[in-house]
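Chemist: Numbering (our numbering), first residue to last: 954 to 1243.
1) Can you tell me the Cβ-Cβ gap for residue 1164 and residue 1068, rounded? I've got them flagged as a contact below 8 Å.
2) Reducing DSSP to helix, strand and coil, say where residue 1082 ends up.
3) Give the list of continuous alpha helix (DSSP H) stretches no shorter than 4 residues that lie fully inside the segment 1110 to 1158.
4) Measure the C-alpha to C-alpha separation of residue 909 and residue 986 and round it to an integer number of angstroms.
5) DSSP three-state label for residue 980, please.
6) If distances are taken between C-alpha atoms only, which option among 1056, 1055, 1054, 1035 comes closest to residue 1046?
7) Apart from the five residues just before and just after residue 1186, which ones in its own chain have a Cβ nearer than 7 Å to its Cβ?
8) Give the range of the alpha helix (DSSP H) segment to which residue 1193 is assigned.
9) Rounded to whole angstroms, what is the Cα-Cα separation between residue 1241 and residue 1229?
10) Given this structure, state the Cα-to-Cα distance separating residue 1095 from residue 1066, to the nearest angstrom.
11) Quick one: using the 10 Å Cβ neighbour count with 16 as the cut-off for buried, is residue 1182 buried or exposed?
12) Use the C-beta contact count for residue 1029: other C-beta atoms within 10 angstroms, 16 or more gives buried, fewer gives exposed.
13) Alpha carbon to alpha carbon, what distance is there between residue 1090 and residue 994?
14) What's the gap between the Cα of residue 984 and the Cα of residue 1160?
15) Identify, in the order they occur along the chain, each residue of the same chain with its Cβ nearer than 7 Å to the Cβ of residue 1143, setting aside the five sequence neighbours on each side.
16) Measuring alpha carbon to alpha carbon, tell me which residue in 1102, 1088, 1134, 1048 is nearest residue 1022.
17) In the structure shown, what three-state DSSP assignment does residue 1037 receive?
18) Nearest-angstrom Cα distance between residue 1175 and residue 1243?
19) Closest to residue 1076 by C-alpha separation, out of 1111, 1052, 1151, would be which residue?
20) My output table needs one value for residue 954: the three-state DSSP class, helix, strand or coil.
21) Are at least three pairs of beta-carbons, each pair with one atom in the segment 1197 to 1215 and one in the segment 1231 to 1238, less than 8 Å apart?
22) Might you give, ordered along the chain, the residues of its own chain that have their beta carbon closer than 7 Å to the beta carbon of residue 1106, omitting 5 neighbours on each side?
23) Out of 1157, 1226, 997, 1139, which one is the CA nearest neighbour of residue 1196?
24) At the level of alpha carbons, what is the spacing between residue 1088 and residue 1205?
25) Check residue 1176 in the structure and name its three-state DSSP category.
26) Considering only the beta carbon of each residue, do residue 1128 and residue 1202 sit closer than 7 Å?
27) Report the three-state DSSP secondary structure of residue 1042 (helix, strand or coil).
28) Please tell me whether residue 1223 and residue 1141 are closer than 7 Å, where the distance is taken between their beta carbons.
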């Protein structure tokens, strides 16, 4: 009788354990868990900001001017290409050089987030497997890191602005909501890419190749006016609209309604799709990065 009771108790405990595992797995795949991860990661701001700053310091350790090497190299690039392509395209240098500087500034941030977003969880393998942190913490880390580089590189635009006497005026206030849209898109983009690349290791190389093509298809070193009546090829390019979120306000121009519409639609749609994807595969990331 006692053996029967013991067997029944053991069976009950096994069933309870299985039920607990199923509930835990179901909970980890719930939309609330995915959204909670993103929100909790945001609350770890002091941690991911410190990690991002430390990444940059580590990259330029023992360097005299540190991360401003990025600014110097960008300044040389913008200055060289500005005078070269300004002459080739027969564009006034006082208009073209600020256009080019802001294009490189915005593109540097966008391409940096995409390239680093692909390896965000792979590079954080040790943290992901050993420390219980929201996975989005590492996404905020790389977005913050690229935002710090963006701030450093903005010195190039400031120099150009002073040199040519540019003053954007009240149009610069559009930069507040436009940067918010750019950052929101960067977070879901890095989160989606990071999850995909943790499973499929070829995706980062595909993304890098795609970015090389996208750079030349986006008005960075050439202006939209140069393609004349084929402007539709510019307007259907989402990268152009995200670059314009930064470039237009700082040139003293209003962001067009089409750009607001496209970027807002991509931001909202991207977050919905990413959260659905993240909900399904969030619990597997720790195994995929091994």
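C-beta: ideal position from N, C-alpha, C; glycine also.
Modeler: In short, the structure shows the following:
1) 7 Å
2) helix
3) 1128 to 1152
4) The first residue shown for the chain is 954 and the last is 1243, placing residue 909 beyond what the model contains.
5) Per-residue confidence for residue 980 stands at a pLDDT of 47, beneath the threshold of 50, marking its modelled position as unreliable; no derived number is given.
6) 1035
7) 1180
8) 1191 to 1203
9) 18 Å
10) 7 Å
11) exposed
12) exposed
13) 5 Å
14) 27 Å
15) 1066, 1070, 1073, 1092, 1095, 1096
16) 1102
17) helix
18) 43 Å
19) 1151
20) For residue 954, the predicted model reports a pLDDT of 47, less than 50, meaning its position is unreliable and no value from the coordinates is stated.
21) no
22) 1023, 1024, 1027, 1058, 1061
23) 1139
24) 39 Å
25) coil
26) yes
27) coil
28) yes
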